[in-house]
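Here is the structure we will look at, set down as structure tokens.
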Amino acid sequence: MPHPLVTQDMIDTYQRDGVVLVSGLFADHVETLRAGIEANMAEPGPYASENRKEGQTGRFFDDYCNWTRIPQFREVIETSPAAQVAADLMRSDTAQMFHDHVLVKEPGTSMATPWHQDGPYYFVEGRQTVSFWSPLDPVKEATLRCVAGSHLWEKEVLPTRWVSEEGYFPDEGQYIPVPDPEAEGMKIVEFEMQPGDAVAFNYRVLHGARGNTSTSRRRAFSLRLVGDDARYVERPGRTSPPFPGHDMQPGQRLREDWFPVLYRR
1 MPHPLVTQDM
11 IDTYQRDGVV
21 LVSGLFADHV
31 ETLRAGIEAN
41 MAEPGPYASE
51 NRKEGQTGRF
61 FDDYCNWTRI
71 PQFREVIETS
81 PAAQVAADLM
91 RSDTAQMFHD
101 HVLVKEPGTS
111 MATPWHQDGP
121 YYFVEGRQTV
131 SFWSPLDPVK
141 EATLRCVAGS
151 HLWEKEVLPT
161 RWVSEEGYFP
171 DEGQYIPVPD
181 PEAEGMKIVE
191 FEMQPGDAVA
201 FNYRVLHGAR
211 GNTSTSRRRA
221 FSLRLVGDDA
231 RYVERPGRTS
241 PPFPGHDMQP
251 GQRLREDWFP
261 VLYRR
């Protein structure tokens, strides 16, 4: 039986569209995650970024791979129902940790999160993947926007650097250019959300977010998990996150001492 937060219709929607709303996934952990984000921003990790183009306003902070040093993140990852919910949505017997990600847009932040797929940046491939994006403030305009069905596209979208807009890897024909979903009439799914709600989406789903023109902060916590069929794959350059020294070989499952299995059916 799936977790009480998950219905069969949600599983079917996730498989078809690559995205679904899980209401209240982190509802019991909002204050813990807020405290974790404050700790993260007070002491950023080596991958922290301040995303702003020349002439833009506000502050767009993001950082990832901090769960092993920030106890609030570890607590939520290990005690919330996220891992079981992920396994249900992926139709997987396991849910394995990949990484955490914090994204904070302060009031008046003009920079949007560009349209992108997460998968091309990562050194993992598989159909059984899930990323949870959970706001810790009520969101409307600055919510996550996903293109339904884009996880099934034949080719992946070219990964780019958010500020410079340069290609992250050499484009050798395996990627398609970053599309404009609104101009091209694609089905964009977005939700008004309360703190602790979560959008679940496949690593290959095209997604982005507007800037934050409101007078309130938009703090978001993301958790990335993989399922049974996920395997390490080499990319044509340094991946994001890079995880230096991992020593994995193509075709291997992610090493469990670095990426623990959080749920096993």
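Anchor point for the sequence shown: position 91 equals 91 in the UniProt record's numbering, and the numbering is continuous, going up by one each time.
Glycine included, each C-beta is placed from N, C-alpha and C at the ideal position.
#1: Taking Cβ to Cβ, would you say P260 is nearer than 8 Å to C65?
#2: Less than 8 Å separating the beta-carbons of D93 and D229?
#3: Assign I37 to one of three DSSP states: helix, strand, or coil.
#4: Can you look up L89 in the DSSP assignment and give me helix, strand or coil?
#5: Name the two residues that bound the continuous beta strand (DSSP E) containing Y14.
#6: Hey, out of Q252, H116, L225, G245, whose CA is closest to T129's CA?
#7: Could you pull out every residue in the same chain whose Cβ sits closer than 8 Å to the Cβ of T68, ignoring the five residues on either side in sequence?
#8: Which residues share a DSSP beta bridge with I188?
#9: Run the CB neighbour count on K105, radius 10 Å, all protein chains shown included, and call it buried at 16 or more, exposed below.
#10: Could you tell me the distance, in whole angstroms, from the CA atom of L152 to the CA atom of H116?
#11: E50 to I37, Cα distance in whole Å?
#12: Would you list the residues sitting across from G167 in a DSSP beta bridge?
#13: Given G237, which residues of its chain have a CB within under 6 Å of its CB, disregarding the five upstream and five downstream residues?
#14: Tell me the DSSP bridge mates of F221?
#15: Return the Cβ separation of V102 and D62 in integer angstroms, given the expectation that the two are a contact with Cβ distance under 8 Å.
#16: Quick one: is E156 buried, meaning 16 or more other Cβ sit within 10 Å of its Cβ, or exposed?
#17: Quick one: residues in its chain with C-beta nearer than 6 Å to the C-beta of N202, no 5 flanking neighbours on either side, listed in chain order?
#18: Considering only DSSP beta bridges, list what V261 is partnered with.
#19: Using the Cβ count rule (16 or more neighbours within 10 Å means buried), how would you classify D247?
Taking the definition as stated:
#1: no
#2: No. Outside cutoff.
#3: In the three-state scheme derived from DSSP, where H, G and I count as helix and E and B as strand, I37 is classed as helix.
#4: helix
#5: Premise fails: Y14 lies in the alpha helix (DSSP H), 8-17, not in any beta strand (DSSP E).
#6: Taking T129 as reference, the option from Q252, H116, L225, G245 with the minimal CA-CA separation is L225.
#7: R74
#8: V147
#9: buried
#10: If you take the alpha carbons of L152 and H116, they lie about 14 Å apart.
#11: Here the alpha carbon of E50 sits roughly 15 Å from the alpha carbon of I37.
#12: T160
#13: Around G237: F169.
#14: When DSSP reads this structure, F221 sits in a beta bridge with V102, S134.
#15: With 8 Å as the limit, V102 and D62 qualify as a contact, their Cβ atoms being about 6 Å apart.
#16: buried
#17: G18, T129, H151
#18: Among the bridge pairs identified by DSSP, V261 is matched with Q96.
#19: exposed
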